[in-house]
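If you number the sequence shown the way full-length UniProt numbering does, the last residue is 184 and the count never jumps.
Backbone N, C-alpha and C define an ideal beta-carbon position, used for all residues, glycine too.
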Amino acid sequence: NCLDRLEEEVIKILVIGDAGVGKTSFVQRYVKDEFNKDYKCTIGFDSVNKIIKSHGGKPVNFKLQIWDIAGQDRFPLLTRSYYKYARGCLLLFDITRHQTFENVSKWKESLDKNLDPDSPAIPCLLVANKSDKDSDRQVSYNEIEEICQRLNFVQWTETSVKAGTMVQETVTYLIDVILGNS
Ligand code: GDP
3 NCLDRLEEEV
13 IKILVIGDAG
23 VGKTSFVQRY
33 VKDEFNKDYK
43 CTIGFDSVNK
53 IIKSHGGKPV
63 NFKLQIWDIA
73 GQDRFPLLTR
83 SYYKYARGCL
93 LLFDITRHQT
103 FENVSKWKES
113 LDKNLDPDSP
123 AIPCLLVANK
133 SDKDSDRQVS
143 YNEIEEICQR
153 LNFVQWTETS
163 VKAGTMVQET
173 VTYLIDVILG
183 NS
């Protein structure tokens with residue numbers, strides 16, 4: 003009922019990474035279980051909500067608010083407000099384009115720099131996307147493991163948004179860490 007809605011906690015998470023790595027597709031797959039193969043360049047930001055009523059078999063009640071902030075570089079003055087109150091982050095790259103992996107450190111730096119210095123660090127998960135294109139792979143597991151440790155990611159996962167592999171699990175893992183169950 004409407005009183006439940008009023009009491010709902012909002013958990014904001016960010017999805018960041020280079021253009022074309024699959025951020026918008028990831029969010030669509032997670033929220034609607036859809037994959038749309040048309041390329042869409044996100045300008046500015048987009049935010050979608052999903053009401054979560056159960057997690058790990060336990061009843062919970064919160065609104066997961068997912069911010070896809072692809073075009074944030076074009077609006078530098080707004081950057082801090084995009085990052086404000088975020089509780090967790092997914093940083094995506096594309097395993098078939100090494101450059102998107104090289105830019106992971108820039109994205110992580112930008113995240114750390116723009117978060118409120120008075121708030122505790124937020125968990126960030128590194129997501130290696132497009133695992134269905136393994137024959138075009140340009141990034142090795144060793145490289146991913148190394149950067150994951152060096153840049154203090156809580157974990158890394160490999161997903162195929164196209165095939166629908168590991169998408170739900172990745173978000174569930176992040177929620178686990180945010181809720182302190184991990
Ligand atoms: P964004 O710019 O990071 O939001 O990326 P998009 O979600 O717009 O995706 C960019 C392109 O990659 C689109 O053509 C998607 O269909 C495609 N794509 C996204 N995820 C996957 C995946 O897991 N596998 C493959 N093969 N293509 C993907």
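Spatial distance of Lys135 from Arg31 (CA atoms): It is roughly 18 Å from the alpha-carbon of Lys135 to the alpha-carbon of Arg31.
message: Beta-carbon within less than 6 Å of Trp158's beta-carbon, same chain only, minus the 5 sequence neighbours each way: which residues are those?
response: Taken in chain order, the residues that qualify are Leu128, Ile146 and Cys150.
- request: May I ask you to report which of helix, strand or coil DSSP gives Cys43?
  value: Because the pLDDT at Cys43 is just 49, under 50, the model does not fix this residue reliably, and the value given afterwards should be weighed accordingly. Cys43 falls in the coil class under three-state DSSP.
query: Which of helix, strand or coil does DSSP assign to Ile28?
result: The displayed chain sequence assigns Phe, not Ile, to residue 28. Residue state, collapsed to three classes: helix.
- prompt: Straight-line CA distance for Trp69 to Ile177?
  reply: Across the structure, Trp69 and Ile177 are spaced so that their CA atoms are roughly 15 Å apart.
- request: Inspect the CB distances between the stretch 99 to 117 and the stretch 52 to 71 and report whether three or more fall short of 8 Å.
  value: The stretch 99 to 117 makes no contact with the stretch 52 to 71: fewer than 3 CB pairs, one atom from each, lie closer than 8 Å.
- request: Can you grab the Cα-Cα spacing for the pair Leu66 / Ile15, in whole Å?
  value: The C-alpha of Ile15 is placed about 7 Å away from the C-alpha of Leu66.
- prompt: Among the residues of its own chain, which have a CB less than 6 Å from the CB of Glu160, if the five just before and after it don't count?
  reply: Cβ within range, chain order: Ala130 and Ser133.
field: Distance CB(Phe95)-CB(Gly182) smaller than 8 Å
entry: No, these two residues do not count as a Cβ contact at 8 Å.
- prompt: Taking 7 Å as the cut-off, does the CB of Thr159 come closer than this to any heavy atom belonging to the ligand GDP?
  reply: No, the beta carbon of Thr159 sits no closer than 7 Å to any heavy atom of the ligand GDP.
field: Beta-carbon gap between Lys37 and Val163 smaller than 8 Å
entry: Reading the sequence as shown, one finds Phe at residue 37 and not Lys. In contact: Phe37 and Val163 (Cβ atoms closer than 8 Å).
field: Residue environment, Leu117, which counts as buried when at least 16 other CB atoms sit within 10 Å
entry: Buried, because 16 or more other Cβ atoms sit within 10 Å of the Cβ of Leu117.
query: Going by beta carbon distance, what residues of the same chain come within less than 6 Å of Met168, once the five residues before and after it are set aside?
result: Non-local beta-carbon contacts of Met168 in its own chain, meaning distances under 6 Å to residues more than five positions away in sequence, involve Thr159 and Thr161 in chain order.
query: Can you give the Cα-Cα distance for Gly90 and Lys52, rounded to whole angstroms?
result: The alpha-carbon atoms of Gly90 and Lys52 are separated by roughly 15 Å.
- request: For Cys43, I'd like the list of residues in its chain whose CB is within less than 7 Å of its CB, leaving aside the five on either flank, ordered along the chain.
  value: Residue confidence for Cys43 is low, a pLDDT of 49 falling below 50, so the modelled location carries little weight; the figure read from the coordinates is stated next. Same-chain partners within the cutoff: Ala21.
message: With H, G and I counted as helix, E and B as strand and the rest as coil, what does DSSP make of Asp70?
response: Assigned with DSSP and collapsed to three states, Asp70 falls in strand.
- request: Sort out for me which residues DSSP pairs Lys106 with in a bridge.
  value: Checking the displayed sequence, the identity of residue 106 turns out to be Val instead of Lys. Val106 pairs with nothing; no bridge assigned.
message: On the criterion of 16 or more Cβ atoms from any shown chain inside 10 Å, does Lys110 qualify as buried, or is it exposed?
response: It is buried - the Cβ of Lys110 has at least 16 other Cβ atoms within 10 Å.
query: Does the Cβ of Val33 lie closer than 7 Å to at least one heavy atom of the ligand GDP?
result: Result no, Cβ not under 7 Å from the ligand GDP.
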